[in-house]
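Quick notes on the structure that follows.
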Amino acid sequence: MAMKHLLRDSLLIAVAVVIFAYATALVLNLLTGATPSDEVPVQLELVVLLVLTVLGLGFVLWRSETSRSSS
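Quick note: the sequence shown uses the working numbering, first residue 13, plus one each step.
In structure tokens, the structure reads:
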């Protein structure tokens, strides 16, 4: 049961991070006057990095939760 909650929370955090990263990139594009096509690779790298970070944190939390429950 705790695994489902942890997975759901990790997915919600990942979605929130992606939305936040995209919104931040759009605001920065508006402030700097760059067109979206100029910044697509940077946005993509940022989103991938943030998603991998959140998934990594979710995995670490899951491992600590399973090791805590088994002992």
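Note that the Cβ used here is the ideal one computed from N, Cα and C, for glycine as well.
What residues in its chain sit with their C-beta under 8 Å from that of residue i, if we drop five residues either side in the sequence?
{"i": "Leu-67", "result": "Ser-22, Ala-26"}
Are the CB atoms of residue i and residue j nearer to each other than 9 Å?
{"i": "Glu-77", "j": "Leu-24", "result": "no"}
{"i": "Val-30", "j": "Leu-73", "result": "no"}
{"i": "Leu-58", "j": "Ala-28", "result": "no"}
Pick helix, strand or coil for residue i, following the three-state DSSP scheme.
{"i": "Gly-70", "result": "helix"}
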